[in-house]
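Numbering (the working numbering), first residue to last: 115 to 719. Ideal Cβ positions, reconstructed from N, Cα and C, are used throughout, including at glycine. Okay, so here's the structure we're looking at.
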Ligand SMILES: [Zn+2]
């Protein structure tokens, strides 16, 4: 995908945007010398180790190692794909992204998909007022016009081809509908996936429709009610039949394990968010929003995944999981706990709220109002309490055996927690409850990880030094020109150095970040970023220039020496006569060069 956007455009784009600007709009920055600094948005910390360099046009965190260009920042912060990050940046400076290779243009297809799904949402919205039963249902559930509009709630009419007829007007559009998951098919042909359902559009993090959830209306028909209670689905697709909730399938735009219903509306309603509430159903989310708690989201017919957990904690430090008090609710809660454990870095907290049986957030918030529900949130169980309570529920803590079993169960789970104060506390707590020594339980408390000294500069090889200088100041590349006298040097990194020189020479004015962006997909990227962070404190341009030229000179000498030794070796093995005429000439030239270099070095020292 990346290859479809020309490198030249990425260069131009990064030259147009200012990374300080891009980041400042999302994370407040403070000036610190030549750089800007903030508390890192990618890991929790008390003192800032996140730096943004206006000169190098990149960001770097000395705490967690996050780093990269403005594009990379958007990808990490907004969780965008590469293309979307590029699109977003391009839009902010009024550039249009060109795509290579005309015939197949995935991005344009995607744009079409967004447009089509948006049109489908508008179609359903327009259908809602025409359908009395759906209207009555909304009224019964207390949904006001404002809420219906904000969530773009609609109605999928009965029949088989409402959407197909309205939007699938050309073969191309019909194919897109299929791709967008709006169409089902059986032996008799294609038909609308959603029929006689209340429709909830699912929006992505940029507010675009990417999928739908559809709910059948509860009816007086007892067969239908039995169905809602989990009776097996009918085999033939009768209209309006099927599961209570039906979601779009996985499509190029929609991956249910990575999306949260209403996260967009939550972000629209809150500029600063300190807690999020995860509930199970769309109607629960909507009722909470309407009641004045626009902090509710839902997973989309799936258990909470690691991706969800990360998404949730990126949005807010405290996440409340709300479940039914029944057995199904309890087991869903435990699965949620397991998925958040690896994401519980310091500063993030998870809580569990179990509702009385027979109640859900929708019914409760309508009964108790915003204040009542907030009161319940205050009484939610912190993850640590829930964790130990649940693990110990069938264990006799009075017996040694029972305590050993608890320790046994907890150990692998605690091992999934990231290093940090929270993990240490959990390990201590386990040791307190079981009497098993902390070191035997998890050991985290025993050995705090040695923090790498920030900006410690390791001794670098010559090639690495030259690359480091070039990364600090890409314009130094102008001082070198092919044929590079060190090109034949057999040493790790030479090929990379030449590649860097070539890119920087071809694009004058290139910044560090832009240069690095050319290597974003490569195995060398992390190593290059490490070198790019190195500072040359107090050194002016002249000093860097001299050091760079000196480095290139020594590389040339090493290359020379290596070739000379190679020829000498051949002479030793095969005799002088074995050399070709060219090799002899080269040998003489090299020997002369070496003599001159040695003389020059003597006069320098
Ligand atoms: Zn960080």
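Per-residue DSSP class, three states only, for residue 556: With a pLDDT of only 48 at residue 556, under 50, the local geometry of the prediction cannot be trusted, and the value read off the model is given with reservation. In the three-state scheme derived from DSSP, where H, G and I count as helix and E and B as strand, residue 556 is classed as coil.
Alpha-carbon spacing of residue 288 relative to residue 627, whole angstroms: If you draw a straight line from the Cα of residue 288 to the Cα of residue 627, it is about 43 Å long.
DSSP beta-bridge partners of residue 315: According to DSSP, residue 315 bridges with 326.
Beta-carbon proximity of residue 255 to residue 191, cut-off 8 Å: No, they are not a contact pair.
Residue 180: CB within 7 Å of a non-hydrogen atom of ligand 1: Yes.
Residue 160 burial status per 10 Å Cβ neighbour count (16 or more: buried): Classification for residue 160: exposed.
Identity of the residues DSSP links to residue 146 by a beta bridge: According to the DSSP secondary-structure assignment, residue 146 is paired through a beta bridge with 149.
Residue 134 - DSSP class collapsed to helix/strand/coil: Residue 134 carries a helical assignment under DSSP once its states are collapsed to helix, strand and coil.
Own chain residues within Cβ distance below 7 Å of residue 650, not counting five before or after: Hits under 7 Å: 586 and 658.
Among 390, 373 and 484, the one whose alpha carbon lies nearest that of residue 321: Closest by C-alpha distance to residue 321, out of 390, 373 and 484, is 373.
Ligand 1 heavy atom lying under 7 Å from the CB of residue 157: Yes, Cβ of residue 157 sits closer than 7 Å to a heavy atom of ligand 1.
First and last residue of the uninterrupted beta strand (DSSP E) at residue 304: It spans 303–306 - the beta strand (DSSP E) in which residue 304 sits, taken as one unbroken run.
Any non-hydrogen atom of ligand 1 within 7 Å of residue 534 CB: Result no, Cβ not under 7 Å from ligand 1.
Cβ-Cβ distance between residue 523 and residue 531 below 8 Å: Cβ atoms of residue 523 and residue 531: not closer than 8 Å.
As assigned by DSSP and simplified to three states, the class of residue 339: The predicted position of residue 339 is uncertain, since its pLDDT is 41 and thus under 50; a value taken from the coordinates is nonetheless stated next. Three-state DSSP puts residue 339 in a helix.
Any non-hydrogen atom of ligand 1 within 7 Å of residue 461 CB: False, no ligand heavy atom lies under 7 Å from that Cβ.
Sufficient close CB pairs (3 or more, under 8 Å) joining the stretch 261–268 to the stretch 308–325: Segment contact: the stretch 261–268 against the stretch 308–325, three or more CB-CB distances shorter than 8 Å; contact assigned.
Simplified DSSP assignment, three categories, for residue 181: Assignment of residue 181 by DSSP, reduced to helix, strand and coil, places it in the strand class.
For residue 238, three-class secondary structure by DSSP: Three-state DSSP puts residue 238 in a helix.
Residue 362 (DSSP reduced to helix, strand or coil): Coil.
Whole runs of the beta strand (DSSP E) within the stretch 431–512, excluding any shorter than 3 residues: As for any beta strand (DSSP E) of minimum length 3 sitting wholly inside the stretch 431–512, the runs are 432–438 and 463–469, ordered along the chain.
Cβ-Cβ separation, residue 583 to residue 721 (assumed contact under 8 Å), whole Å: In the structure displayed, the chain extends from 115 to 719; residue 721 sits before or after that span and is not available.
Pick from 119, 502, 497 and 176 that is closest to residue 214, judged by C-alpha positions: With distances taken between Cα atoms, residue 214 lies closest to 119.
Supposed close pair residue 505, residue 451 - CB separation, criterion 8 Å: Actually they are not in contact, since the Cβ atoms of residue 505 and residue 451 sit about 10 Å apart, beyond 8 Å.
Rounded C-alpha distance that separates residue 155 from residue 399: Near 27 Å, if we compare the C-alpha coordinates of residue 399 and residue 155.
8 Å Cβ cutoff met for residue 457 and residue 507: With contacts defined by Cβ atoms closer than 8 Å, residue 457 and residue 507 do not form a contacting pair.
Whole-angstrom distance between residue 234 and residue 449, CA atom to CA atom: Answer to the nearest angstrom: the Cα atoms are 34 Å apart.
Residue 164 CB to nearest heavy atom of ligand 1 below 7 Å: It does: the Cβ of residue 164 is within 7 Å (strictly closer) of some heavy atom of ligand 1.
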